[in-house]
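Asker: Before anything else, here's the structure in question.
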Amino acid sequence: MPVRKGSTVYVQQDNAGPHVLEDDSELEAAGSIGGWTIQMRCQPPRSPDLNVLDLGYFSFIQALQYRKAC
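In structure tokens:
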């Protein structure tokens with residue numbers, strides 16, 4: 027599904043130690059350039075429902091890519 031300008035895009039980061047705060051003014055300014063609305067969200071700690079930042083997920087996708095290439 028393509029993202030359209032004007033809709034909000036949420037960037038999710040792990041919550042091991044916030045690298046960028048959710049209300050960072052520089053992030054808000056950069057995220058609104060060109061008509062975009064980009065906001066930072068922290069992943070809730072130890073949340074299995076939102077654990078998409080897990081490296082196991084990425085290695086699974088990489089294995090699928092290798093399988094399709096063969």
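Start counting the sequence shown at 27; every next residue gets the next number (this note's numbering).
Ideal placement from N, C-alpha and C gives every residue a C-beta, glycine not left out.
1) Please name the residue, chosen from Q65, Y83, Q88 and P71, that lies closest to G32 on a Cα-to-Cα basis.
2) Could you have a look at G69 and say whether DSSP puts it in helix, strand or coil?
3) Whole angstroms are fine: how far does the CA of P70 sit from the CA of Q38?
Answerer: Walking through what the data contain:
1) Nearest option by C-alpha distance: Q65.
2) The sequence given here places Gln at residue 69; Gly does not occur at that position. Of the three classes helix, strand and coil, the one that applies to Q69 here is coil, per DSSP.
3) 10 angstroms
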